[in-house]
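Visitor: Once you've had a glance at the structure underneath, I'll fire off some questions.
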Amino acid sequence: MATCPVCGSPVDEAAAQAASGITAHGASESDPTKGTRQFHDGKWVYFDSLECRSKFLVSPDTYTSGS
Numbered sequence: 015m016a017t018c019p020v021c022g023s024p025v026d027e028a029a030a031q032a033a034s035g036i037t038a039h040g041a042s043e044s045d046p047t048k049g050t051r052q053f054h055d056g057k058w059v060y061f062d063s064l065e066c067r068s069k070f071l072v073s074p075d076t077y078t079s080g081s
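With the sequence shown counted from 1, adding 14 to any position gets you my numbering.
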């Protein structure tokens, strides 16, 4: 289990990566209500919601300093 760096909630990494469908152009899509992820500074960072991911993207240093 990963931990959301924004709010500290647990995130099931497998659920965040699991494909829930295919876009019209053939790309896999996942269900963001089960968690989401973002590649940052050479590693995947997991979030419990799109809101937390958005906050992280605005200011990643706020959530990664000291790690």
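Positions of the beta carbon are idealized from the N, C-alpha and C atoms, including for glycine.
What are the start and end residues of each continuous alpha helix (DSSP H) run of 4 or more residues lying completely inside the segment 49 to 78, in chain order?
Guide: Counting only runs of at least 4 residues, the segment 49 to 78 fully encloses the following alpha helix (DSSP H) elements, listed from N- to C-terminal order: 64 to 72, 74 to 78.
Visitor: Using the beta-carbon count (16 or more within 10 Å), is T50 buried or exposed?
Guide: buried
Visitor: Where does A16 fall in DSSP's three states?
Guide: strand
Visitor: Compare the C-alpha of D26 against each of T78, P19, Y60, G35 and name the closest.
Guide: Y60
Visitor: In the DSSP assignment, find the unbroken beta strand (DSSP E) run with A33 in it and report its ends.
Guide: 33 to 36
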